[in-house]
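Each residue of the sequence shown is one higher than the one before, starting from 5 at the first, in this note's numbering.
Glycine included, each C-beta is placed from N, C-alpha and C at the ideal position.
Have a look at the structure below, then the notes.
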Amino acid sequence: MRVQSFEFGDQAWVPEFYHSVLRDFMGALYKAFGHHKLWTQAILDLCENNPNKTIKDPCAGSGHVNLMIRTALPASFTGSFELSDLMIEKNIEFAKQINALKDSGISYKLQPTDATKSTPEDHSPKLFINSFHHFDHDQVGQILKHNAENGNDILILEYCRKSPDSLIAMFFGPVLFLLFLPFIWNRKNRLPCVLFTYLLPLIPLMLLWDGIISCLRTYSAKDLHAILERENIPHEPIRTSLKRSALYPSGVTSTSVRFKRPS
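Encoded structure:
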């Protein structure tokens, strides 16, 4: 059963230093444990199964994970990534940093993009990295419907899921944060990070809450199938895979939702 609750990382009223250190912490985790490398085959499959090799991520955030995935893909990869986000105007520097790389394989739109809306001209497969669970059932229905109409396959990547081992893994997050913090803070957020981590441990508790809720908010293949049936959306069988590593034994998931191409 999926739980629809809130995460501190989603709330506009939460101070910016929490959002900033959360992004830096997640980036450090990916570098240390290599979660993103477990998704490369799913990306390759998405590109191979679609005539349009431009993969669009409409909820890319900082785009940091996308960039790491791009680097981890083999040199033979022929696709490209087009990143966007609804709130990019708030952190436009993320898009500018990626575009400054002048890498033909990855770019970031400077205009906001609403993942729940689409245009008839949009015929690109969609990618959601640790973002799909933030949408409620109605929003997911809109995303599935619009992309089905255009024949756009969807790949959903999540670092967690509704399972005992994944929930247990979330309890290691605050401990790792305590260890990683001295290496990821910056001058701007150092004081509040020290205050609300070591003296009054609000940030570790918020991270634990967000991690657990992220697990409970994820959509299983059964959840997605129910929404597709409710919306009367024709689709191919949903495929979900779980990949583990020695450094991340609870594993990451990739869920592929494929639709028939319009004639």
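Could you tell me the distance, in whole angstroms, from the CA atom of residue i to the CA atom of residue j?
{"i": "LYS106", "j": "GLY83", "result": "16 Å"}
{"i": "HIS1", "j": "ILE110", "result": "No answer is possible for residue 1: it lies beyond the span of the chain, which begins at 5 and ends at 267."}
{"i": "ASN236", "j": "ALA230", "result": "10 Å"}
{"i": "LYS264", "j": "LEU206", "result": "47 Å"}
{"i": "HIS40", "j": "PHE175", "result": "20 Å"}
{"i": "SER167", "j": "THR123", "result": "36 Å"}
{"i": "ARG191", "j": "ALA46", "result": "38 Å"}
{"i": "SER1", "j": "ASN56", "result": "Not covered by the structure: residue 1. The range shown for the chain is 5 to 267."}
{"i": "GLU240", "j": "TYR223", "result": "17 Å"}
{"i": "ASP157", "j": "HIS141", "result": "19 Å"}
{"i": "SER21", "j": "LEU183", "result": "Reading off the sequence shown, one finds Phe at residue 21, where the question assumed Ser. C-alpha separation (whole angstroms): 18 Å."}
{"i": "ASN95", "j": "ARG248", "result": "33 Å"}
{"i": "LYS121", "j": "PHE139", "result": "13 Å"}
{"i": "MET72", "j": "PHE37", "result": "12 Å"}
{"i": "GLN146", "j": "ARG234", "result": "12 Å"}
{"i": "GLU93", "j": "GLN101", "result": "14 Å"}
Hey, residue i and residue j are a contact pair by Cβ (cut 8 Å); roughly how many whole angstroms apart?
{"i": "LEU3", "j": "ALA119", "result": "In the structure displayed, the chain extends from 5 to 267; residue 3 sits before or after that span and is not available."}
{"i": "LEU232", "j": "LEU148", "result": "6 Å"}
{"i": "ASP126", "j": "ASN103", "result": "Rounded, the Cβ-Cβ distance is 21 Å, inconsistent with contact."}
{"i": "ARG194", "j": "GLN8", "result": "ARG194 to GLN8, Cβ: 35 Å. No contact."}
{"i": "ALA225", "j": "THR244", "result": "5 Å"}
{"i": "VAL25", "j": "ILE188", "result": "7 Å"}
{"i": "GLY255", "j": "LEU211", "result": "The pair is not a contact, with the Cβ atoms about 20 Å apart (cut-off 8 Å)."}
{"i": "PHE12", "j": "ASP214", "result": "6 Å"}
{"i": "PHE81", "j": "LEU48", "result": "7 Å"}
{"i": "PRO129", "j": "ASN54", "result": "5 Å"}
{"i": "GLY67", "j": "TYR34", "result": "Contact flag wrong, Cβ pair sits at about 13 Å."}
{"i": "PHE29", "j": "PHE181", "result": "6 Å"}
From the DSSP output, which residues share a beta bridge with residue i?
{"i": "GLU86", "result": "LYS60, SER111"}
{"i": "GLU162", "result": "THR257"}
{"i": "SER245", "result": "SER258"}
{"i": "LYS130", "result": "LYS60, ILE158"}
Using a Cβ-Cβ cutoff of less than 6 Å, which residues in the same chain neighbour residue i once the five nearest sequence positions on both sides are dropped?
{"i": "LEU131", "result": "ILE59, ASP61, LEU159"}
{"i": "PRO186", "result": "none"}
{"i": "ARG262", "result": "ASP157, GLU240"}
{"i": "VAL144", "result": "ILE231"}
Please return the same chain residues whose Cβ sits closer than 8 Å to the Cβ of residue i, not counting the five positions on each side in sequence.
{"i": "HIS23", "result": "GLY13"}
Ignore the nearest five residues each way along the sequence and tell me which others in residue i's own chain have a CB closer than 7 Å to its CB.
{"i": "VAL18", "result": "PHE12"}
{"i": "CYS219", "result": "CYS164, ARG165, LYS166, SER170, LEU171, MET174"}
Return the chain-ordered ranges of every beta strand (DSSP E) run that is complete within the segment 143-199 and spans a minimum of 3 residues. 158-162
Runs of alpha helix (DSSP H) lying entirely within the segment 13-66, each at least 4 residues, in chain order: 20-37, 44-52
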